[in-house]
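Written out below as C-alpha coordinates is the structure these notes cover.
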Amino acid sequence: MVRIIEGNVIGEQLRFGIVVSRFNEFITSKLLSGCLDTLYRHGVDENNID
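Just so you know, the working numbering puts 566 at position 12 of the sequence shown, and the rest follows in order with no gaps.
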(Lines of atoms letter the chains of each structure in order from A and count residues from 1; the text may use other names and numbers.)
(Lines give C-alpha, C1' and ligand atoms only; values in the text may rest on other atoms or scores of the structure.)
Protein backbone atom coordinates (compact mmCIF):
# COMPACT_ATOMS: atom_id res chain seq x y z
CA MET A 1 0.00 0.00 0.00
CA VAL A 2 1.26 3.46 -0.89
CA ARG A 3 1.69 5.88 1.99
CA ILE A 4 0.62 9.43 1.12
CA ILE A 5 1.99 12.34 3.13
CA GLU A 6 0.32 15.71 2.66
CA GLY A 7 1.05 19.07 4.17
CA ASN A 8 -0.08 22.65 4.07
CA VAL A 9 2.79 24.73 2.74
CA ILE A 10 2.51 28.44 3.51
CA GLY A 11 5.37 30.51 2.17
CA GLU A 12 4.21 34.02 3.06
CA GLN A 13 7.07 34.82 5.45
CA LEU A 14 9.80 32.97 3.55
CA ARG A 15 12.42 34.24 1.08
CA PHE A 16 13.70 32.22 -1.87
CA GLY A 17 16.59 32.47 -4.29
CA ILE A 18 16.36 30.75 -7.67
CA VAL A 19 19.36 29.96 -9.83
CA VAL A 20 18.77 29.04 -13.49
CA SER A 21 21.38 28.15 -16.08
CA ARG A 22 21.36 29.87 -19.46
CA PHE A 23 22.46 26.57 -21.02
CA ASN A 24 19.56 24.73 -22.68
CA GLU A 25 17.18 27.64 -22.15
CA PHE A 26 14.33 25.71 -23.77
CA ILE A 27 14.20 23.45 -20.71
CA THR A 28 15.44 25.77 -17.97
CA SER A 29 12.88 28.48 -18.82
CA LYS A 30 10.07 25.95 -18.29
CA LEU A 31 11.61 24.81 -15.01
CA LEU A 32 11.80 28.43 -13.84
CA SER A 33 8.19 29.05 -14.84
CA GLY A 34 7.03 25.98 -12.90
CA CYS A 35 9.07 26.99 -9.87
CA LEU A 36 7.62 30.51 -9.82
CA ASP A 37 4.08 29.20 -10.32
CA THR A 38 4.47 26.85 -7.36
CA LEU A 39 5.85 29.59 -5.11
CA TYR A 40 3.03 32.00 -6.03
CA ARG A 41 0.37 29.32 -5.41
CA HIS A 42 1.80 28.84 -1.91
CA GLY A 43 1.55 32.51 -1.03
CA VAL A 44 5.12 33.67 -1.62
CA ASP A 45 5.25 37.36 -2.49
CA GLU A 46 7.11 38.33 -5.66
CA ASN A 47 9.36 40.62 -3.58
CA ASN A 48 10.55 37.60 -1.57
CA ILE A 49 11.99 35.83 -4.62
CA ASP A 50 15.51 36.65 -5.84
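Quick reminder that beta carbons are idealized off the backbone N, C-alpha and C, glycines included.
Enclosing alpha helix (DSSP H) for residue i [first to last residue]
| i | result |
| --- | --- |
| E579 | 579-595 |
Buried/exposed call for residue i, threshold 16 Cβ in 10 Å
| i | result |
| --- | --- |
| L585 | exposed |
Residue i and residue j closer than 8 Å at C-beta
| i | j | result |
| --- | --- | --- |
| I603 | F570 | yes |
| I564 | G597 | yes |
Reference residue i; option with closest CA among the options
| i | options | result |
| --- | --- | --- |
| L593 | E560, I558, Q567 | Q567 |
| E600 | I572, V563, F577, N578 | I572 |
Residue i to residue j span [Cα, whole Å]
| i | j | result |
| --- | --- | --- |
| F577 | D591 | 21 Å |
| T582 | M555 | 35 Å |
| R557 | R595 | 25 Å |
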